[in-house]
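Heads up, the thing below is written out as structure tokens.
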Amino acid sequence: MQNLILIGFMGAGKTSVGNCLAQESGMTFVDTDERIVAEQGMEISAIFEKYGEPYFRDLETALLERMQNDTDHSVISVGGGMPVRERNRDLLRSLGCVVYLLASKETILGRVRNDGTRPMLSGENLETRVERLMREREALYREAAHLMIQTDGYSVPEVAQMIRLEARKFGY
Ligand code: S3P
Numbered sequence: 002m003q004n005l006i007l008i009g010f011m012g013a014g015k016t017s018v019g020n021c022l023a024q025e026s027g028m029t030f031v032d033t034d035e036r037i038v039a040e041q042g043m044e045i046s047a048i049f050e051k052y053g054e055p056y057f058r059d060l061e062t063a064l065l066e067r068m069q070n071d072t073d074h075s076v077i078s079v080g081g082g083m084p085v086r087e088r089n090r091d092l093l094r095s096l097g098c099v100v101y102l103l104a105s106k107e108t109i110l111g112r113v114r115n116d117g118t119r120p121m122l123s124g125e126n127l128e129t130r131v132e133r134l135m136r137e138r139e140a141l142y143r144e145a146a147h148l149m150i151q152t153d154g155y156s157v158p159e160v161a162q163m164i165r166l167e168a169r170k171f172g173y
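Given below as structure tokens:
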């Protein structure tokens with residue numbers, strides 16, 4: 002399938018870059034979090050609060066399964082935890098070219114610091130939490146990805162352009 006899928010940690014820029022990339026490439030933009038919120042009629046934080054994280058993870062997997070049949074020629078931005086499940090990594094790769102947006106801990110912290118909408122970042126000290134999750138997920142992101150793009154110091158349109166150039170080498 003000919004999708005471009007953006008993965009990476011919370012605050013790595015998946016949604017902003019995905020929107021820009023889709024606009025510039027004349028592709029449809031899909032954000033898995035937005036689809037889940039629209040389908041459930043609830044914010045992500047409310048889903049976590051009411052049903053717990055495993056329920057949200059099941060919703061993510063079910064959505065990726067449906068996307069195998071109804072989503073093509075799209076730029077897809079996925080929630081930061083999507084690639085953690087092995088099944089999801091397989092599903093992501095079968096959707097198209099998976100691009101890992103890398104950002105440093107400092108960049109991530111600067112972006113998520115004043116954002117209370119991410120349940121994975123509530124609770125313990127933010128920096129400790131981000132550090133731990135980044136460490137736990139790094140290898141999984143790499144395993145899921147066809148391409149990696151370092152985003153620190155680049156603007157959203159610059160990152161979108163880098164993805165276009167790199168993905169072209171893969172026939173996208
Ligand atoms: C999550 C990331 C969020 C959202 C949910 C869980 C995670 O998406 O899916 O809050 O586990 O990393 P963003 O990466 O778009 O913030």
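Here our numbering is used: the first residue of the sequence shown is 2, the next is one more, and so on.
Beta carbons are placed, not taken as given, at the ideal position from N, Cα and C, and that holds for glycine.
Quiz item: Under the three-state reduction of DSSP, which class applies to F30: helix, strand or coil?
Solution: strand
Quiz item: How big is the Cα-Cα spacing for L22 and T118?
Solution: 24 Å
Exercise. From the DSSP output, in three-state form, read off N89 for me.
Key: helix
Quiz item: In the DSSP assignment, what residue or residues form a beta bridge with M149?
Solution: Y101
Quiz item: What span of residues does the beta strand (DSSP E) with S46 cover, start to end?
Solution: From DSSP, S46 is part of no beta strand (DSSP E) but of the alpha helix (DSSP H) over 45-52.
Quiz item: What is the residue span of the beta strand (DSSP E) that L5 lies within?
Solution: 4-8
Quiz item: Do the CB positions of V131 and L103 come within less than 7 Å of each other?
Solution: no
Exercise. Using 6 Å as the cut-off, classify the Cβ of I109 as near or not near the heavy atoms of the ligand S3P, replying yes or no.
Key: no
Self-check item: Three-state secondary structure (DSSP) of V76
Solution: strand
Quiz item: Taking a cut-off of 5 Å, which residues have a beta-carbon closer than that to any heavy atom of the ligand S3P, in chain order?
Solution: M11, D34, I45, G80, G81, G82, R119, M121
Practice problem: Write down the C-beta distance between G12 and V113 rounded to the nearest angstrom, noting that I regard them as a contact closer than 8 Å. | Solution: 4 Å
Quiz item: By a C-beta neighbour count over all protein chains shown, 10 Å radius and 16 as the cutoff for buried, is Y143 buried or exposed?
Solution: First, the residue type needs correcting, since residue 143 is Arg and not Tyr in the sequence shown. So R143 ends up on the exposed side.
Exercise. Decide if F10 is buried, meaning its Cβ has at least 16 other Cβ atoms within 10 Å, or exposed.
Key: buried
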